[in-house]
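Peer 1: Chain order of the listed sequences is A and B.
All letters in the first sequence, in the order written, are residues 1 to 316 by my numbering.
All letters in the second sequence, in the order written, are residues 317 to 574 by my numbering.
Backbone N, C-alpha and C define an ideal beta-carbon position, used for all residues, glycine too.
Owing to the predicted nature of the structure, the values given are computational and were not obtained by experimental measurement.
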Amino acid sequence: MTVERGEVVRVERVVKDFRPGFGLRRKRVLHGVTFQVDRGEIFGFVGPNGAGKTTTLKILMGLIRPTEGSASILGRDVAESEFRDQIGFLPENPYFYPFLSAREILDFYARLCGVDSRRRAARIDELLEVVNLSYAADARLRTYSKGMLQRVGVAQALINDPEVVFFDEPMSGLDPIGRKEIRDVILSLRAAGKTVFMTTHILHDVEMICDRVAIIVKGAIRHQGCIEDYLLNSTVSTDIVLSQLSSETAVSLEENFSVEMRGLGERVELTVPEKRVRDVLEAALTSGAQVVSVTPHRSSLEEVFLNAVQDEEGSV
Amino acid sequence: MNSLMRIQALAVNTFREAIRNKLLYTLLGFGILMIGSGVLLATLSYVEVDEILQDIGMGAIRFFSAGIAIFIGIGLIHDEVDRRTIFTILSKPVSRTEFLVGKWAGLTFTVWLQLGLMALAFGIVSWMAGAPLGADHAVAIALIGLELMLLVAIATLFSAFTTPMLAALFCVGLWMIGHFSRDLRALGEQSDLESVSTMADFIFRVMPDFEVFNKTLEAVHGLPILASEIWMAIVYALGYTICTLLLGSMIFSRRDFK
Chain A
1 MTVERGEVVR VERVVKDFRP GFGLRRKRVL HGVTFQVDRG EIFGFVGPNG AGKTTTLKIL
61 MGLIRPTEGS ASILGRDVAE SEFRDQIGFL PENPYFYPFL SAREILDFYA RLCGVDSRRR
121 AARIDELLEV VNLSYAADAR LRTYSKGMLQ RVGVAQALIN DPEVVFFDEP MSGLDPIGRK
181 EIRDVILSLR AAGKTVFMTT HILHDVEMIC DRVAIIVKGA IRHQGCIEDY LLNSTVSTDI
241 VLSQLSSETA VSLEENFSVE MRGLGERVEL TVPEKRVRDV LEAALTSGAQ VVSVTPHRSS
301 LEEVFLNAVQ DEEGSV
Chain B
317 MNSLMRIQAL AVNTFREAIR NKLLYTLLGF GILMIGSGVL LATLSYVEVD EILQDIGMGA
377 IRFFSAGIAI FIGIGLIHDE VDRRTIFTIL SKPVSRTEFL VGKWAGLTFT VWLQLGLMAL
437 AFGIVSWMAG APLGADHAVA IALIGLELML LVAIATLFSA FTTPMLAALF CVGLWMIGHF
497 SRDLRALGEQ SDLESVSTMA DFIFRVMPDF EVFNKTLEAV HGLPILASEI WMAIVYALGY
557 TICTLLLGSM IFSRRDFK
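(1) Does the Cβ of B:Trp443 have 16 or more other Cβ atoms within 10 Å, making it buried, or fewer, making it exposed?
(2) Tell whether a beta-carbon distance below 9 Å holds between A:Asp161 and A:Arg123.
(3) Are the C-beta atoms of A:Met1 and some chain B residue less than 9 Å apart?
(4) Is A:Ile177 buried or exposed, if buried means 16 or more other CB atoms sit within 10 Å of its CB?
(5) Would you mind working out which of B:Ala447, B:Ile541, B:Ile393 and B:Ala435 sits nearest B:Gly418, comparing C-alpha positions?
(6) Which whole-angstrom value is the C-beta distance of A:Gly100 and A:Leu141, which I expect to be below 8 Å?
(7) For chain B, check one thing: does any of its Cβ atoms lie closer than 9 Å to the Cβ of A:Lys194?
(8) Can A:Arg267 and A:Ser243 be called in contact, C-beta distance under 9 Å?
(9) Using a Cβ-Cβ distance under 9 Å, would B:Ser411 count as near chain A?
(10) Is A:Leu89 close to chain B? Criterion is C-beta to C-beta, closer than 9 Å.
(11) What's the C-alpha gap between A:Val304 and A:Val164?
(12) Identify whether A:Gly44 lies in helix, strand or coil by the three-state DSSP scheme.
(13) Could you check whether the Cβ of B:Ser407 sits closer than 9 Å to any Cβ belonging to chain A?
(14) In the stretch 86-157 of chain A, which residue ranges form an unbroken alpha helix (DSSP H) of at least 4 residues, counting only runs that do not cross its ends?
(15) Jot down the residue ranges of each uninterrupted alpha helix (DSSP H) in the stretch 423-479 of chain B, minimum 4 residues, whole runs only, in chain order.
(16) Rounded to whole angstroms, what is the Cα-Cα separation between A:Lys194 and B:Thr479?
(17) Taking 9 Å as the CB-CB limit, is B:Ala385 close to chain A?
(18) If A:Val241 and A:Ala308 are in contact, beta carbons under 8 Å, what's the gap, nearest whole angstrom?
(19) Please report how far the alpha carbon of B:His495 lies from the alpha carbon of B:Arg378, in whole angstroms.
(20) Which residues in chain A have a C-beta closer than 7 Å to the C-beta of B:Thr479? List them in chain order.
(21) Please look up how many angstroms separate the CB atoms of B:Gly347 and B:Phe380, rounded, as I've assumed it's under 8 Å.
(22) Given this structure, state the Cα-to-Cα distance separating B:Val365 from B:His453, to the nearest angstrom.
(23) Is the beta carbon of B:Ile372 sitting closer than 9 Å to the one on B:Gly345?
(24) In whole angstroms, give me the CA-to-CA distance for B:Leu343 and B:Met434.
(25) Only counting the same chain, and skipping five residues up and downstream in sequence, which positions put a Cβ closer than 6 Å to that of B:Arg322?
(26) Helix, strand or coil for A:Phe166 per DSSP?
(27) Between the alpha carbons of B:Thr424 and B:Pro524, how many angstroms are there, rounded?
(28) Let me know the secondary structure DSSP gives A:Glu215 once reduced to three states.
(29) Is A:Tyr144 close to chain B? Criterion is C-beta to C-beta, closer than 9 Å.
(30) So what does A:Ala220 bridge to, in DSSP terms?
(31) From which residue to which residue does the beta strand (DSSP E) around A:Ile73 run?
(32) Where does B:Ser569 fall in DSSP's three states?
(33) If the cut is a Cβ gap below 7 Å, which residues of chain B does A:Gln156 touch?
(34) Would you say B:Leu563 faces chain A, with C-beta separation under 9 Å as the test?
(35) Per the contact definition of three or more C-beta pairs closer than 8 Å, is the stretch 84-95 of chain A in contact with the stretch 392-407 of chain B?
(36) Strictly below 8 Å CB to CB, what residues from chain A border B:Asn318?
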């Protein structure tokens, strides 16, 4: 398999059949999946539940073998194990030996990755700091919350300072603070020149941090492209929440700027076309109203995603 | 070198997990109780008191150690898959063969350690009862250690592709056949039907012969244990264990982890 310049992950026409039960009948869960991930990018692999995201990821991790097609990471066939000291993997809802502490489990994974014994302790301390678990480093994992286990999962994925990191639903089960921390870790990986592959069904996360995205529905890639393309082509509207808005100003805004208006108790929410946001804000502030929030809405990726899912459902 | 380091890390972790298994302490406790109870049972006889005491002790060591090897071994791989801990391990530069060997080595070390504790109990009970203790007893117990090594490999093999329940049935069945296959062949040879004797001979040749490791009679009754028998047992245990692990590795390498 030839590796193109800058290409880190390549999946070519991958088909996967499973045999449910003991019968001879096979169920096809991946239908010729093809995509590639370039060096230094954050690649979002998006799809609804049961679309084949985790199956694809497991093929990349060598946990299941493709029925047809090929997959490679850093130019090496995924069936090999030696090159895996250059990759990291966080599975969905990771589970670890409950009798070990975070420090011990990271030491275990570091040994498996062949991390030099002189660097091991320092690397573990560094990662515990990164995932904000230093305070609980020596507590048994059985006492950890789901969010803490997820952070241990992130730390173990990075223990070997990998070139490519694979995250399966990294924000799953995390509170807003935890999600932000994981997002920051992913962004810092890109800043350090690493490549990140993440599966998710949360489009907001994809829009915030991914460079490119592939949408998989029922085992087939429906769309792939740069996130910028989706966002530039998007229909943008903005929700503005105002307080202390007089009824005269409200009528004036509605008539002059063609905004949609909804009452929220003492506050008013306006949906404003992108080009009129500045004018609406100026008019509102001049009239003495106070701005509570301004939230831009880019619905393009969501639309593409929903259309892909609906098209597929309609074709069945 | 890296491969050995990975196997060692897996083995140490398996050991740390196994020593937290309550089944280990339950069977170890029963084993030691049985060894101790030999003192009481031996008083029921007027002759060969020491031999009865040590026969019961050795039997308890073999039986309960095998129980530990089988009933912890059957979950060795299955539990890793079931709990999905295997996902993060195999995403590291760990081959499936290394994983299997690491798990086997960790549990083998665990059962050897508990064998040492049972042997200590056996020694203390024999010493307190005034029964003779010699190098032959140590050799007989060391041979049990080889038997356990092979038994753990068989449990690992079955754990690599089937459920703990089925693995337990296969392991217990093999262990029992392995101790009776010589008798089975002897019975077959006496049969008038050629198919029966052929079948009995086939079972003897294909199934592991655990009686190779049974030198209890010689140790307890002061009979000589030949060096050739010891070497035979060592070669047999190593050969069979390697073949079993290779087969396990071949099967395990083809498995999908859904």
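Peer 2: Taking the coordinates as given:
(1) Of the other Cβ atoms in all chains shown, fewer than 16 fall within 10 Å of the Cβ of B:Trp443; this residue is therefore exposed.
(2) Here A:Asp161 is near A:Arg123, since their CB atoms are less than 9 Å apart.
(3) Its pLDDT being 48, under 50, A:Met1 is placed unreliably in this model, and the coordinates cannot settle the point.
(4) By the C-beta density criterion, A:Ile177 is exposed, having fewer than 16 other C-beta atoms within 10 angstroms.
(5) Cα-wise, what sits closest to B:Gly418 is B:Ile393.
(6) Checking the sequence, you will find Leu at residue 100 of chain A rather than Gly. Their Cβ separation, rounded to whole angstroms, is 6 Å, which keeps A:Leu100 and A:Leu141 in contact under 8 Å.
(7) Interface criterion not met: the Cβ of A:Lys194 is under 9 Å from no Cβ in chain B.
(8) Using a Cβ distance threshold of 9 Å, A:Arg267 and A:Ser243 count as a contacting pair.
(9) Yes, because at least one Cβ of chain A sits closer than 9 Å to the Cβ of B:Ser411.
(10) It should be noted that the sequence gives Phe, not Leu, for residue 89 of chain A. Interface criterion met: the Cβ of A:Phe89 is under 9 Å from a Cβ in chain B.
(11) Across the structure, A:Val304 and A:Val164 are spaced so that their CA atoms are roughly 27 Å apart.
(12) Of the three classes helix, strand and coil, the one that applies to A:Gly44 here is strand, per DSSP.
(13) Taking Cβ atoms only, chain A reaches closer than 9 Å to B:Ser407, which makes this a yes.
(14) Segments of the alpha helix (DSSP H) lying fully in the stretch 86-157 of chain A: 102-112 and 117-130.
(15) The stretch 423-479 of chain B contains these whole alpha helix (DSSP H) runs: 451-475.
(16) Cα-Cα distance, rounded: 40 Å.
(17) In terms of beta-carbon proximity, B:Ala385 stays away from the interface with chain A, with every pair separated by 9 Å or more.
(18) Going by Cβ atoms, the distance from A:Val241 to A:Ala308 rounds to 32 Å, so no, they are not a contact pair.
(19) Here the C-alpha atom of B:His495 lies approximately 11 Å from the C-alpha atom of B:Arg378.
(20) Near B:Thr479 there are no residues of chain A at all, since even the closest Cβ is about 14 Å away, more than 7 Å.
(21) Right, their Cβ atoms sit about 3 Å apart.
(22) Those two C-alpha atoms are separated by around 16 Å.
(23) For B:Ile372 and B:Gly345, no; Cβs fall outside 9 Å.
(24) Going by the C-alpha atoms only, they are around 11 Å apart.
(25) Excluding residues within five positions, the ones whose Cβ falls inside 6 Å are Val410 and Glu414.
(26) A:Phe166: strand per DSSP, three-state reduction.
(27) If I take the Cα positions, the gap works out to 18 Å.
(28) Note that residue 215 of chain A is Ile in the sequence shown, not Glu. Note: A:Ile215 maps to strand in three-state DSSP.
(29) Taking a beta-carbon distance threshold of 9 Å, A:Tyr144 does not count as an interface residue toward chain B.
(30) Bridge partners of A:Ala220: A:Val217.
(31) Glu68 to Ile73 is the span of the beta strand (DSSP E), which, as asked, contains A:Ile73.
(32) Judged by DSSP in its simplified three-state form, B:Ser569 adopts helix.
(33) What A:Gln156 touches in chain B: Thr404.
(34) Not closer than 9 Å to any Cβ of chain A, the Cβ of B:Leu563 fails to qualify, so no.
(35) With three or more CB-CB distances shorter than 8 Å, the stretch 392-407 of chain B counts as touching the stretch 84-95 of chain A.
(36) The answer, in chain order, is Gly114.
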